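The structure appears right after this line, and notes come after that.
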Amino acid sequence: MINSLFVVNGQGKIIIEKHWRSIISRQIVDVFSDESAKFLASGPINHTASNSDKNAKEVSFTKEDVPPILETSKYLLLHVLRDGLVWLCPVDKEVDPLLVFEMIHRIIDILVDYLGDVSEVSIRDNFVIVYQLLEEMMDYGYPLTTEPNALKQIILPPTIMNKVMNTVVAASGVGQKLPQSTMSSIPWRKAGVKYAQNEIYFDIIEEIDATIEANGAIVSCEAHGTVNVNCRLSGMPDLALNFINHRILDDVSFHPCVRYQKWESDKVLSFVPPDGHFSLMSYRVNLPPQQLLPLHVKPQFYNTATGGKFDISINPRSTDGKPIEKVVVTIPMSKNTTTVNATCNVGQYMYDPVTKSIKWEISKIQVRDRTPMLSGTYSNGSATHETGTTIMLQFQISMYAVSGLKVDTLRLFREGYKPYKGVRSVTKAGKFQIRA
Amino acid sequence: MSDAKYFQRGKIQELRAELNSDKRDPKHTKKKTVMKKIVANMTMGNDMSPLFPDIINVMNVPILEIKKMVYLYLINYARSKPDMAMMAIAMFIKDVEDPNPLIRALAIRTMGYIQVEKIIDCLVDPLSHCLRDQDPYVRKTAAICVAKLYMYDRGLVESERFIEKLRDLLNDPNPTVVANAVAALTEISERSEDIQLSLNFSVASKLVTALNECSEWGQTYILEALLYYVPQEPGNAEMLAERITPRLQHANSAVVLTAVKVIVYLMNYMEKEEDIANLCRKLSPPLVTLLSAGPEVQYVALRNILLIIQKRPDVLKNDMKVFFCKYNDPIYVKLAKLEIMFCLAHAGNVDQVLSELKEYAAEVDVDFVRKAVRSIGRLAVKIESGAQRCIAALIELIETKVNYVVQEAIVVIKDIFRKYPNQYESIIGTLCENLDNLDEPEAKAAMVWIIGQYADRIENADVLLDDFLYTFLEEPVEVQLALLTATVKLFIKRPTAGQELVPKVLKWATEEVDNPDLRDRGYVYWRLLSTDPAAAKAVVLSEKPQISTETDNMEPALLDELLLHVASLASIYHKSPSTFLNNYKPRYLMPSPVLRRTRPATFEPSVTSPTAHHEQEQKEAAAANRLSFNGYDMSGFQTGNPYATDVVSRPEMRQSQVTGGVDLLLDL
């Protein structure tokens, strides 16, 4: 099980240190820094060979490339890098690594929920709460209470209102009573929730992961969706959600509140929702090859000995007439590129000489607009062996679900009121890449 | 108002004064502030232990937040100040009787952390009560506390019959209590020599029922514990697996992968092939879904998938595309995906895989490119119908003249020559154009092997070898071995071309180098050539056994062991946990009347594919003994040629023959 957790900033300084079992010396953090530095420096293995090679492409690993589990003489170092902070769990016993990673992710999520964001500053500003949460979320390395609703009854979030409440409660002695939900059969929902206006909103968010050849042939393509819910319903509502076309779903995973048997037998999502924001389900849809992707990017590169020129055009496709927004095209250039000159007819482009990449941003593309184009030339410092590049694409389409998933009905049981219901969908690019 | 201000280095004196201040503090806000400061200092690593006696006084402030901070302090310092810790006992004893279950649980939890003899003595009684507390929150906390106590004092836990009490908790009406009791029992069982958790069908079945109602973490404990259930009757394994499958749809990846582990385990005890096939089909989608999680989770999933598909090839057999690498995947994810792609490749999808691999070979990441090139070669060896196209791809890559790509390609082409003799030798010419830039031992050795093996076809083989021999004494041993053998081959195939090189190399090998393998091999050749050239020919040019990529697969016994460790560190490293963890209790596939016999080991140990062999070599440097014979080209030894073994086993004779041998050889 989890022995200790260290939260370390970019400079290798410990911000939080928590031991649930025996105390592991802080020096382990230095060991970790050394190990990851060693990995970063090692670069590609068999370095000696590529050094002597003029054509060797300079590649340096980034912190993201450090394997999440490092082996050292005494401990195995499991770590997660998130927003510049390293969450490090050293272990010396067999452990389920997924449990550790899930737990770290959960701790981060809960802290985001409590503090708004997780950064060195926000942790320092609220370190007592952070320690209390860590204490409450784990016992002897076993995850204990991780449901946000249950935690919030034990440890109040740091809002001004709560600070006032805190003092009042403090005055009356031990005011906190055992939160019922920690042990009830519905641990995710607290009792006695009351809203003047009962409403529930569903956000269907789909991300397209696609790899596409330069000629437009699709190598792989699938959509990952999540249904996020903002639930503001009083009492103990029991909900049943139907989809018009559940058959398109290739795989689903559910929040613990969903009754799985009901889904198996009737394909109905039946659940008592947690209060507030939560993620009801996530799913995966393999998009059929004949399905048109929202947009088509056509890259063309013409290389010469010392550089070359390129043309990139974007053709919007079927999006039910919805505009494609926040389009960002990122084009990593060869590492010995010296200059880039380009023009675009829509949006704006920027060449970053440090990361050697071009970023082209377009705020909105409509089908009837003229085709956005970016064309230009680049030059290389030295002649280079030509390698392909991969263009990465981001975009967003509101009120559109690429999978076509649609909610049919939402029925409410056990409570008498008529809630206001809303469903929104949005499609985004996930890992959307075009090989050039 | 933020807590950051507490992070100033507080002076012990000031803090003490504030703690003991007589000022009116009806709401204890001042005490709270001081405690925050102390906790802040503690986290910075400042020694706050001198405040111990003063802190004890704060213990009776009836505010949960303060109590929690005090307990945090006690956990931190009680072990280093056992005498002081005694002063806290009275308070603990009061708190475990508190009407508020939160405080009862907190007290028992904290006492479990303070592993000081006197405190532990006082813990025994309350712990027994808490295990039977009316409140489930206290019971579940107490269950974990037993595990803590066990790590401190095994004898005490056994003599106080805590294990039995934990076992009783398995029947608790509250599923979370059951889950925690299971977790504690599992951990104790894994640490203990004489306590072994073992579940019968009715308990296992009860636990599976509790699964539906307990927290996600509780589910992982229960699933994990199900590995201690050994099905004894046909049908039981199927029934349990069927009831576990809903867990595959859980949002928590730890639950999903642990469920996969239990199902794969239960398959060992199933009777009907169709049940297994059915479950295999159900395993694929959730495993694919794990790949859409963060890179850490993906990595763990990929390493485990590689294990599972080796045992159950039906799983994921149609999901090749999800393992295609994304441009910005971290390198560790890419490398893990590549291995799975190779494993899933078959005649039907070889074109698809090959075009992906070619794409990867053009990327910028050296490590990844190498692995991709190597995979193309292995693909050619694995799938005969695709070999032609793989080789065309390799030739294309060699023509890029990128050094490391060329070297990597040469290494795999050697394997291809061995697998498909007399089919692709026309490309030797292309290879020979790239000799000058070879600087990696493996590539050099491979190239030298090719020259030796085809000495009769390569017009200027003697010149090429002579070039390599120029640096013979500086080369790493694997290149030296290859050079030695290649020179002898050249000599046997074309005596005139080799007669100048052979004595030179033999002399170096036997007199100038320290490596015993090289020296021995030198002597063997020398004696063979000097006593019986016909035998030498038979040995050196003997028919080589076929290679296949079958041998890349893991040994079935190790695979079975690792499959019991799916979702663990061992599954990441593909090593038995006993090789990298201390105090580890090994797991076995327990016998039972319904245990399926694992298929007999079909691989032939002597036929090691060189590629696999080299990966193995790094890991098993210790087993040098065996490696020297399975090494580059000891074809004679591998087929058990009597001459060869004879010479090796009689060193004294070897010595006496040396000089005579040289004369004889020079006469040729």
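Chain order of the listed sequences is A and B. Under full-length UniProt numbering, the first residue of the first sequence carries the number 1, and numbering increases by one thereafter. Under full-length UniProt numbering, the first residue of the second sequence carries the number 1, and numbering increases by one thereafter. Don't be surprised by glycine CBs; every beta carbon is placed ideally from N, CA and C. All of these numbers come straight from a predicted model, not from anything done at the bench.
Going straight from the alpha carbon of residue 340(B) to that of residue 445(B), what length do you get?
-> Spanning the two alpha carbons is a distance of roughly 28 Å.
Span separating the alpha-carbon of residue 213(B) from that of residue 270(A) | Approximately 15 Å, taken between the alpha carbons.
Contacts of residue 390(A) in chain B (Cβ-Cβ under 7 Å) = What residue 390(A) touches in chain B: 327.
At which residues does the beta strand (DSSP E) containing residue 17(A) begin and terminate?
-> Its beta strand (DSSP E) spans residues 14-19.
Using a C-beta cutoff of 7 Å, does residue 28(A) count as contacting chain B?
-> Chain B places no beta carbon closer than 7 Å to that of residue 28(A), leaving this residue out of the contacts.
From 82(B), 134(B), 406(B), residue whose alpha carbon lies closest to that of residue 98(B) | Of 82(B), 134(B), 406(B), the residue nearest in Cα terms is 134(B).
Who are the neighbours of residue 71(A) on chain B, taking C-beta pairs under 8 Å?
-> Within 8 Å Cβ-Cβ: 573, 580.
For residue 189(A), go through chain B and note every residue whose CB falls closer than 7 Å to its CB, in chain order.
-> Within chain B, no residue comes near residue 189(A); the closest Cβ sits about 13 Å away, beyond 7 Å.
Return the residues of the segment 212-228 of chain B that lie within a Cβ-Cβ distance of less than 7 Å from chain A, sorted by chain order.
-> Contacts with chain A (Cβ-Cβ distance below 7 Å) from the segment 212-228 of chain B involve 213, 215, 216, 217, 220, listed in chain order.
Could you tell me whether the Cβ atoms of residue 360(B) and residue 345(B) are closer together than 7 Å?
-> Contact: no.
Put residue 360(A) into one of helix, strand or coil per three-state DSSP.
-> The DSSP-derived three-state label of residue 360(A) is strand.
Who are the near neighbours of residue 334(B) in its chain, counting only those whose CB is closer than 7 Å to its CB and skipping five residues on each side?
-> Only 325, 368 meet the Cβ criterion.
Integer-rounded CB distance, given that residue 154(B) should sit under 8 Å from residue 198(B) | Contact flag wrong, Cβ pair sits at about 19 Å.
Alpha-carbon spacing of residue 92(A) relative to residue 581(B), whole angstroms = Approximately 7 Å between the Cα atoms of the pair.
Counting only the same chain and skipping the five closest in sequence on each side, list residues whose C-beta sits under 6 Å from that of residue 115(A).
-> Correct list, in chain order: 122, 126.
Report yes or no: do three or more beta-carbon pairs, one from the segment 364-378 of chain A and one from the segment 311-328 of chain A, lie closer than 8 Å?
-> With a cut-off of 8 Å, the segment 311-328 of chain A and the segment 364-378 of chain A count as touching, because enough Cβ pairs lie within range.
Taking 8 Å as the threshold, find out whether the segment 402-419 of chain A comes into contact with the segment 362-371 of chain A through three or more Cβ pairs.
-> For the pair of segments examined, the segment 402-419 of chain A was found not to touch the segment 362-371 of chain A: the number of CB pairs separated by less than 8 Å stays below three.
Indicate the three-state DSSP secondary structure (helix, strand or coil) for residue 80(B) in the structure shown.
-> It is coil, neither helix nor strand.
Delimiting residues of the beta strand (DSSP E) encompassing residue 153(A) | Where residue 153(A) is concerned, there is no enclosing beta strand (DSSP E), although the alpha helix (DSSP H) it sits in stretches over 148-154.
Ignore the nearest five residues each way along the sequence and tell me which others in residue 467(B)'s own chain have a CB closer than 6 Å to its CB.
-> Leaving aside the five residues that flank residue 467(B) on each side, none in its chain has a CB nearer than 6 Å to its CB.
Near residue 160(B), what residues of its chain come up, given a Cβ to Cβ distance below 6 Å and the 5 sequence neighbours on each side ignored?
-> These residues qualify, in order along the chain: 124.
Given residue 68(B) as reference, the closest of 149(B), 92(B), 504(B), 499(B) once Cα atoms are compared | For residue 68(B), the nearest C-alpha among the options comes from 92(B).
Sequence-distant residues of its chain with Cβ nearer than 8 Å to residue 118(A) (five each side left out) | Excluding positions up to five away in sequence, the list reads 82, 83, 85, 108, 111, 112.
Following the continuous alpha helix (DSSP H) through residue 393(B), name the residue where it begins and the one where it ends.
-> Residue range 384-399 is occupied by the alpha helix (DSSP H) that includes residue 393(B).
Quick one: what's residue 200(A) bridged to in DSSP?
-> According to DSSP, residue 200(A) bridges with 231(A), 421(A).
Taking 6 Å as the line, does the beta carbon of residue 95(B) fall inside it for any heavy atom of the ligand SAH?
-> Inclusion of the ligand SAH in the displayed structure is not the case, the ligand content being empty and no account of it being possible.
Euclidean distance between Cα positions of residue 128(A) and residue 230(B) = Approximately 47 Å between the Cα atoms of the pair.
With 7 Å as the threshold, decide whether the Cβ of residue 445(A) is near any Cβ in chain B.
-> Nothing can be reported for residue 445(A), as the shown portion of chain A is limited to 1 through 436.
Residues bridged to residue 350(A) [DSSP beta-bridge criterion] | According to DSSP, which records beta bridges pairwise, residue 350(A) is partnered with 359(A).
Residues that residue 144(B) contacts on chain A, provided the C-beta gap is smaller than 7 Å | Result: 139, 140, 142.
Exposed or buried, residue 485(B), counting other C-beta atoms within 10 Å across all chains shown (16 or more means buried)?
-> By the Cβ neighbour-count rule, residue 485(B) is buried, with 16 or more other Cβ atoms within 10 Å of its own.
Bounding residues of the alpha helix (DSSP H) (the contiguous stretch that carries residue 368(A)) | Where residue 368(A) is concerned, there is no enclosing alpha helix (DSSP H), given that its DSSP letter is neither H nor E.
Simplified DSSP state of residue 171(A), which is helix, strand or coil = Summary for residue 171(A): the model assigns pLDDT 40, below 50, so the residue's position carries little reliability; its value from the coordinates is reported in the next sentence. In the three-state reduction of the DSSP assignment, residue 171(A) falls in the helix class.
Residues near residue 259(A) by beta carbon distance below 8 Å, same chain, minus five either side | 270, 271.
With distances taken Cα to Cα, identify the nearest neighbour of residue 587(B) among 573(B), 566(B), 20(B).
-> Among 573(B), 566(B), 20(B), the Cα nearest to that of residue 587(B) is on 566(B).
Ends of the beta strand (DSSP E) at residue 510(B)?
-> Residue 510(B) -> no beta strand (DSSP E), and no H or E assigned at all.
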